[in-house]
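Contents: one structure, followed by commentary.
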Amino acid sequence: MRGLTSRPNTMIVLGLAIASVALAARDPVWTDTWVIVGVYVLIALSTGISYGQAGILSMSQGAFAAVGGYTAAVSTLRFKLPPGVDLLIAAALPALLAYGLARVVTRLTALATALATLALGSVIEIGLRNMDNITGGYIGLAGIPGIGMIDTPLKYCALVWAMICVCVLMYENLVNSPFGRALNVIRHDRVRAQADGVNVPQLLSAAFAFSAAMAGSAGWLYAHYISYISPNSLDTQTSISALLMSVIGGSGIILGPLAGTVFLDVLVRHLPAQELQGMFYGGALILILILAPTGLLGLVPPLLAKFRANRGSRRTTKAARVKPEAAQ
Amino acid sequence: MTGMLAATGIRMSFGGLTALKSGTIEVAAGTIIGLIGRNGSGKSTLFNCMTGYFRPKVGKITLSGRDITGLQPHRIVEQGIVRTFQTPRLDFDANARAAVLCGFYPARTSTFLGALAGLPGVRREERRLAEKADHIIERIGLGPQRDQPLGTLSMGQVRLVEVARCLAANAKFVLLDEPAAGLTREEQLVLCGQIRELAKQGIGVLLVEHNFFLIHELCERVTVLEEGAVIFVGTPGDVARDPGVLRSYLGAAAEYAGGRVAE
């Protein structure tokens with residue numbers, strides 16, 4: 007019990023996941039939507055770790071997800087691996103790529119690092135398009151089998167939200183560890199982190215690898231669910247969306263990316279007219295960034311503080327009112 | 108605890124400029140050693156070489172006889188040699204407790220994957236570290252202020268937090284870069300008391316200072332640098348009497364003071 011109460015974000019997301027999956031179960035369209043939203047939540051969460059925690063403005067989260075998806079496709083279609091086992095590879099392969107890249111580039115400036123991740127994303131995309139005999143080139147791979155016992159959209163929905171809960175738990179564990187604190191210090195001041203005894207490139211690479219593994223597992227689920235993957239399924243556009251989602255929700259806050267993903271999804275659904283949608287969407291994003299520079303969830307702590315202060319002052323005024331009466 | 112942190116014949120140049128020709132200094136465990144010199148005399152360069160921020164071209168840095176020359180800063184910290192900064196590099200929104208917790212990084216026993224999985228050992232360690240942080244803060248006399256943001260503390264208290272962070276890292280040697288800069292005399296006295304306390308516990312302290320008051324109060328021995336080379340080693344009393352040092356170091360201050368008097 008003690009373990010659970012010390013992880014409030016995990017508790018919240020667990021409650022939300024159970025409630026939302028139960029709701030989504032009532033309508034097949036909602037169920038399908040909620041699986042895809044879940045995949046995006048996972049990718050956005052991975053951006054929360056790479057950008058919000060490690061400070062790497064990553065433009066390759068979509069590509070990591072694509073690697074995960076293709077791994078799922080290739081290992082089940084070609085090598086006939088049982089689906090489930092391929093999750094390990096789908097998480098490990100992007101993690102290795104991310105670790106290798108970060109070891110080399112994190113000593114550069116933040117901008118150079120961001121560009122390097124963009125380049126890695128492009129290289130992966132081009133690779134997927136051109137390795138025809140393995141990845142099916144532009145056409146992609148179809149007929150990817152489902153994950154064993156997971157055979158209905160509802161089960162996928164439950165699975166992806168369970169994965170989100172596990173990822174949030176790991177994320178929250180990280181934040182509450184010496185490594186999470188060290189990542190904070192690195193974002194604030196690298197020289198200070200060195201003086202604390204932190205091997206900066208190594209820790210940043212480890213965090214980036216963790217984020218890539220998360221994106222890879224999102225791609226894994228996506229490929230098995232849709233049963234088809236092509237170079238356009240998860241690309242740089244996905245990376246940018248994920249970055250937007252996590253920034254809008256609050257990239258430094260654990261549940262920020264989740265809030266951002268759901269918020270943007272709802273926003274897109276309620277915006278008028280297809281042609282003008284981009285305009286409204288862009289306008290809304292700019293408005294949010296101006297009003298809530300630390301993201302939507304960044305607004306919560308000041309509001310809570312205000313609420314508490316209000317309640318506190320009301321109590322004191324009441325006390326002040328009571329006193330003279332008592333004196334009479 | 109015996110141990111010796113020694114730098115011998117350190118030479119360091121930046122492009123055509125030789126900042127340090129021959130830096131030599133020894134700090135034994137449990138002693139407080141001063142390093143003084145005018146601006147540009149090479150004391151910061153020597154300090155940065157000893158903490159791994161610069162890699163010297165010539166010369167050797169040893170810890171109890173083991174060569175640690177050119178190790179990366181985090182490796183030096185792992186050896187128990189911890190530094191502070193002249194301008195405190197701290198997150199001023201965080202509180203003292205959080206700042207000290209960050210110092211425990213080299214003392215951690217958990218692995219990255221273990222932390223992600225939230226293994227019971229990691230959680231136990233977290234609780235142990237939180238208690239230890241409170242203990243260190245108590246010891247350094249900041250108990251009542253431990254939950255305040257560092258931005259609300261006085262400069263003197265912030266310096267103490269820096270020292271506390273070194274203690275958290277299990278320091279055997281603490282290298283202080285001008286810790287008295289910007290402190291009032293009372294704050295300096297509190298800091299002096301804490302530095303003496305460190306030495307009593309067997310920690311070797313190297314003090315890079317401009318402030319002769321602090322050097323005089325604390326140091327057993329003082330090394331004076333001038334144009335990148337050692338010109339004098341002795342007790343603070345000897346230093347104050349040595350004509351060469353007076354001319355080179357205190358002389359400049361004396362001339363300055365004299366100039367002010369003339370005005």
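Keeping their order, the protein sequence lines are chains H and G. Each residue of the first sequence is one higher than the last, beginning at 7 in our numbering. Each residue of the second sequence is one higher than the last, beginning at 108 in our numbering. Beta carbons are placed, not taken as given, at the ideal position from N, Cα and C, and that holds for glycine.
Supposed close pair residue i, residue j - CB separation, criterion 8 Å
{"i": "residue 126(H)", "j": "residue 66(H)", "result": "5 Å"}
{"i": "residue 203(H)", "j": "residue 242(G)", "result": "At roughly 20 Å, the Cβ-Cβ gap does not stay under 8 Å, so residue 203(H) and residue 242(G) are not in contact."}
{"i": "residue 265(G)", "j": "residue 274(G)", "result": "Residue 265(G) to residue 274(G), Cβ: 15 Å. No contact."}
{"i": "residue 114(G)", "j": "residue 166(G)", "result": "7 Å"}
{"i": "residue 53(H)", "j": "residue 248(H)", "result": "5 Å"}
{"i": "residue 299(G)", "j": "residue 140(G)", "result": "Rounded, the Cβ-Cβ distance is 15 Å, inconsistent with contact."}
{"i": "residue 55(H)", "j": "residue 269(H)", "result": "Incorrect: roughly 19 Å between the Cβ atoms, too far for contact."}
{"i": "residue 84(H)", "j": "residue 237(H)", "result": "About 18 Å; that fails the 8 Å criterion."}
{"i": "residue 68(H)", "j": "residue 241(H)", "result": "5 Å"}
{"i": "residue 207(G)", "j": "residue 244(G)", "result": "6 Å"}
{"i": "residue 169(H)", "j": "residue 227(H)", "result": "7 Å"}
DSSP beta-bridge partners of residue i
{"i": "residue 234(H)", "result": "148(H)"}
{"i": "residue 340(G)", "result": "330(G)"}
{"i": "residue 133(G)", "result": "113(G)"}
{"i": "residue 313(G)", "result": "140(G), 282(G)"}
{"i": "residue 202(G)", "result": "256(G)"}
{"i": "residue 119(G)", "result": "127(G)"}
{"i": "residue 189(G)", "result": "281(G)"}
{"i": "residue 194(G)", "result": "DSSP, once it has assigned bridges, lists no residue as partnering residue 194(G)."}
{"i": "residue 223(G)", "result": "Answer is none; residue 223(G) lacks a bridge partner."}
{"i": "residue 170(G)", "result": "112(G), 173(G)"}
{"i": "residue 322(G)", "result": "The partner list for residue 322(G) (beta bridge, DSSP) is empty, contrary to what the question assumes."}
{"i": "residue 140(H)", "result": "Answer is none; residue 140(H) lacks a bridge partner."}
{"i": "residue 254(H)", "result": "According to DSSP, which records beta bridges pairwise, residue 254(H) is partnered with nothing at all."}
{"i": "residue 165(G)", "result": "118(G)"}
Whether residue i touches residue j by CB criterion (9 Å)
{"i": "residue 285(H)", "j": "residue 50(H)", "result": "no"}
{"i": "residue 156(G)", "j": "residue 111(G)", "result": "no"}
{"i": "residue 47(H)", "j": "residue 267(H)", "result": "yes"}
{"i": "residue 42(H)", "j": "residue 150(H)", "result": "no"}
{"i": "residue 142(G)", "j": "residue 203(G)", "result": "no"}
{"i": "residue 263(G)", "j": "residue 294(G)", "result": "yes"}
{"i": "residue 98(H)", "j": "residue 219(H)", "result": "yes"}
{"i": "residue 152(G)", "j": "residue 162(G)", "result": "no"}
{"i": "residue 74(H)", "j": "residue 100(H)", "result": "yes"}
{"i": "residue 223(G)", "j": "residue 176(H)", "result": "yes"}
{"i": "residue 316(H)", "j": "residue 178(H)", "result": "no"}
{"i": "residue 149(G)", "j": "residue 131(G)", "result": "no"}
{"i": "residue 302(G)", "j": "residue 283(G)", "result": "yes"}
{"i": "residue 261(H)", "j": "residue 18(H)", "result": "yes"}
{"i": "residue 90(H)", "j": "residue 154(H)", "result": "yes"}
{"i": "residue 72(H)", "j": "residue 210(H)", "result": "no"}
{"i": "residue 136(G)", "j": "residue 280(G)", "result": "yes"}
{"i": "residue 70(H)", "j": "residue 311(H)", "result": "no"}
{"i": "residue 39(H)", "j": "residue 28(H)", "result": "no"}
{"i": "residue 193(G)", "j": "residue 278(G)", "result": "no"}
Per-residue contacts from residue i into chain H (C-beta, under 7 Å)
{"i": "residue 208(G)", "result": "187"}
{"i": "residue 180(G)", "result": "200, 201"}
Partner residues on chain B for residue i, Cβ-Cβ distance less than 8 Å
{"i": "residue 212(H)", "result": "Looking at the structure shown, chain B is missing, and the protein chains on hand are H and G."}
Closer than 8 Å at the beta carbon, the chain H residues around residue i
{"i": "residue 213(G)", "result": "202, 203"}
{"i": "residue 185(G)", "result": "203"}
{"i": "residue 276(G)", "result": "202, 203"}
Partner residues on chain G for residue i, Cβ-Cβ distance less than 8 Å
{"i": "residue 43(H)", "result": "What residue 43(H) touches in chain G: nothing, since even the nearest Cβ is about 24 Å away."}
{"i": "residue 179(H)", "result": "222, 223, 224, 225, 229"}
{"i": "residue 310(H)", "result": "Chain G residues near residue 310(H): none, gap ~17 Å exceeds 8 Å."}
{"i": "residue 176(H)", "result": "223, 224, 225"}
Under 9 Å from the C-beta of residue i: neighbouring residues of chain G
{"i": "residue 197(H)", "result": "160, 180, 192, 196"}
{"i": "residue 29(H)", "result": "Correct list: empty, because the minimum Cβ distance to chain G is about 29 Å."}
{"i": "residue 172(H)", "result": "Neighbours of residue 172(H) on chain G: none; closest Cβ ~10 Å, over 9 Å."}
Residues that residue i contacts on chain G, provided the C-beta gap is smaller than 7 Å
{"i": "residue 216(H)", "result": "223"}
{"i": "residue 182(H)", "result": "233"}
{"i": "residue 194(H)", "result": "198"}
{"i": "residue 191(H)", "result": "209"}
Are the region 171-190 of chain H and the region 205-223 of chain G touching, with three or more C-beta to C-beta distances below 8 Å? yes
Should the region 178-197 of chain G be called in touch with the region 157-171 of chain H, which here means at least 3 C-beta pairs below 8 Å? No, they do not touch.
Can you find at least 3 beta carbon pairs, one from the region 197-207 of chain G and one from the region 255-273 of chain G, that sit closer than 8 Å? Yes, since at least three Cβ pairs between the region 197-207 of chain G and the region 255-273 of chain G fall closer than 8 Å, the two stretches touch.
Any contact between the region 97-112 of chain H and the region 56-72 of chain H? By contact I mean 3 or more CB pairs, one from each, below 8 Å. yes
Do the region 291-301 of chain H and the region 256-263 of chain H touch if we need at least three Cβ pairs shorter than 8 Å? Contact between the region 291-301 of chain H and the region 256-263 of chain H is present, because at least three Cβ pairs lie under 8 Å.
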